[in-house]
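To keep things clear, I will list the structure first and then write my remarks on it.
Residue numbers (the working numbering): 338 to 767.
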């Protein structure tokens, strides 16, 4: 029996690096195991803020890849300031009080002239290209993945033109995502975002989200069925790692200005002052893009001596660091808008056998996952003394050579298990 064909429309694809690429790279890897032939549509000449050439090797040889040219304003803006363009396109926005005139100008242009985002110029050529391909190849199911949410507009137009089943996959929310308020939106632009969000949510046949909170938010906008399929972990082939000799606290991924955890820096400074030999063991290991504000704060707290800022590394190297660091840090912005964010790296953290220290807003969806799986401890931003106590407890376990996590119920978060859920959804006659 011939496999069911589905068309997946996504922006992030190898050699793109970072978390945005992982979700559909892994779904595509396992979909053929469940009788589904994935066809992936991507830009031919994208502007990726992060590149990881190693991920190209992970692309399934069973996938059909379609490419089409894209015009992106980021390509032009980079002539003015390549560094600022790269940071804004990857979501790293300077602290509002420290924004230069150029920062404010870039943000205003990004928020008000390109709605919903700077990839919007790909919509029309994509619809024209895909409409013909879908008809010629008898495809009846499409999936759009955002952000960038402009890709959902491709799905919207194709749905209006053809008899299709359309799944809109939201890796992050739309109008409630953390950086949305930083885009200096005019009232017109803010309203336009809401209108487009409403159109997409009420036109797709099925909405897929990554968290319970996003599902609840969207249920207030649409009566269409919404399914939660989280991100997950894959059985990565990584050589056995020797644990760091230092008491290393590692943050892996983008460290945004708004995620700057003062309670963590305060706790570490106090422990350095109060505990003999703590300073001789401490290492703060940052892997990935780090905002200037975070680095300045670490210096202000006098912690620069303990800092090991490694910058961006390949996904394979990041997995290795997750498994050899003593403690893993997961930091989310202290905001009502970020309760729904479940960082993709959480699931890789959970199977690393290293304890997680997580800091975020009260009611965070990822707090429940960490607690239920017994993989770490979650702290609100008001719980400095509790945080300090747990760091000290972990440090003492480190000295005794007994520091590790003992996760439970992790199998349901494997990429293959999650793909099975997705395949069942695609094949269901709803």
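Every residue, glycine too, gets a C-beta built ideally from N, C-alpha and C.
Rounded to whole angstroms, what's the CA-CA distance from residue 499 to residue 537? Just pull it up for me.
Cα to Cα, the separation comes out at about 16 Å.
Residue 694 to residue 391, Cα distance in whole Å?
Roughly 29 Å separates the two Cα atoms.
Could you give the first and the last residue of the continuous beta strand (DSSP E) run that contains residue 613?
Where residue 613 is concerned, there is no enclosing beta strand (DSSP E), given that its DSSP letter is neither H nor E.
Measuring only the C-alpha atoms, how far is residue 658 from residue 587?
Spanning the alpha carbons of residue 658 and residue 587 requires a straight line of approximately 8 Å.
Between the C-alpha atoms of residue 725 and residue 703, what's the straight-line distance to the nearest angstrom?
Taking the straight line from one Cα to the other gives about 21 Å.
Given that a residue counts as buried once 16 or more other Cβ atoms are within 10 Å of its Cβ, and exposed if not, what is residue 525?
By the Cβ neighbour-count rule, residue 525 is exposed, with fewer than 16 other Cβ atoms within 10 Å of its own.
Helix, strand or coil: which one does DSSP assign to residue 747?
In the structure shown, residue 747 sits in coil (DSSP, three-state: anything other than H, G, I, E or B).
Just to confirm the assignment: which complete alpha helix (DSSP H) runs, minimum length 4, are found wholly within the region 578–662?
Entirely contained in the region 578–662, the alpha helix (DSSP H) runs reaching 4 residues are, in chain order, 599–611, 615–618, 629–637, 652–661.
Which whole-angstrom value is the C-beta distance of residue 343 and residue 375, which I expect to be below 8 Å?
The pair is a contact, with the Cβ atoms about 6 Å apart (cut-off 8 Å).
Would you mind sorting residue 429 into buried or exposed? The rule is 16 or more other CB atoms within 10 Å of its CB.
Any reading at residue 429 must be qualified, since the residue scores a pLDDT of 49, below 50, and its modelled position is unreliable; the value itself is stated next. The residue in question, residue 429, is buried, as its Cβ has 16 or more Cβ neighbours within 10 Å.
I think residue 674 touches residue 513, with their Cβ atoms under 8 Å apart; what is that distance to the nearest whole Å?
Between residue 674 and residue 513, the beta carbon gap of about 5 Å places them in contact (Cβ cut-off 8 Å).
Evaluate residue 547 with the Cβ neighbour count: other Cβ atoms within 10 Å of its Cβ, from every protein chain shown; 16 or more gives buried, anything less gives exposed.
Around the C-beta of residue 547, 16 or more other C-beta atoms lie within 10 Å, and the residue is accordingly described as buried.
Buried/exposed call for residue 358, threshold 16 Cβ in 10 Å
A residue is called buried when at least 16 other Cβ atoms come within 10 angstroms of its Cβ; residue 358 meets this threshold and is buried.
Whose C-beta lies closer than 6 Å to the C-beta of residue 681 among residues of the same chain, with five residues either side of it excluded?
Annotation for residue 681: 356, 359, 568 place their beta carbon closer than 6 Å to its own, counting only its chain and skipping 5 residues before and after.
If you reduce the DSSP assignment to three classes, tell me which class residue 575 lands in.
In the structure shown, residue 575 adopts coil according to DSSP, grouped into three states.
According to DSSP, what are the bridge partners of residue 482?
Within the DSSP bridge table, the entry for residue 482 names 506 as partners.
Rounded C-beta distance between residue 478 and residue 506? I'm assuming under 8 Å.
Not confirmed; about 12 Å, so no contact.
Are the beta-carbon atoms of residue 715 and residue 707 separated by less than 8 Å?
Cβ distance < 8 Å, so residue 715 and residue 707 count as in contact.
C-alpha distance - residue 378 paired with residue 636, whole-angstrom precision:
If you take the alpha carbons of residue 378 and residue 636, they lie about 44 Å apart.
Hey, could you find the ends of the beta strand (DSSP E) residue 715 is sitting in?
Membership of residue 715 in the beta strand (DSSP E) is indicated by the continuous run 713–716.
Mind checking which residues open and close the alpha helix (DSSP H) that includes residue 780?
No answer is possible for residue 780: the residues shown for the chain start at 338 and end at 767.
Taking the beta strand (DSSP E) that residue 401 falls in, what are its first and last residues?
Secondary structure note for residue 401: its beta strand (DSSP E) is the uninterrupted segment 401–405.
Near residue 647, what residues of its chain come up, given a Cβ to Cβ distance below 6 Å and the 5 sequence neighbours on each side ignored?
Hits under 6 Å: 624.
Beta-carbon gap between residue 395 and residue 368 smaller than 8 Å:
Not a contact, by the Cβ cut-off of 8 Å.
Following the continuous beta strand (DSSP E) through residue 772, name the residue where it begins and the one where it ends.
Given a span of 338 to 767 for the chain in the structure shown, any question on residue 772 remains unanswerable.
Backbone secondary structure at residue 763 - three-state DSSP
Judged by DSSP in its simplified three-state form, residue 763 adopts helix.
In whole angstroms, give me the CA-to-CA distance for residue 366 and residue 341.
Cα to Cα, residue 366 sits roughly 15 Å from residue 341.
Just reading off the beta strand (DSSP E) that residue 564 is part of, what are its end residues?
Where residue 564 is concerned, the enclosing beta strand (DSSP E) stretches over 563–565.
According to DSSP, simplified to helix, strand and coil, what is residue 526?
Here residue 526 carries a helix assignment [DSSP, helix/strand/coil].
Please state whether DSSP places residue 704 in a helix, a strand or coil.
Correct three-state label for residue 704: helix.
For the alpha helix (DSSP H) containing residue 464, name the first residue and the last one.
From DSSP, the alpha helix (DSSP H) with residue 464 extends over 460–473.
Per-residue DSSP class, three states only, for residue 446:
Helix at residue 446.
Residue 627 and residue 597 closer than 8 Å at C-beta:
Not in contact: residue 627 and residue 597 (Cβ atoms no closer than 8 Å).
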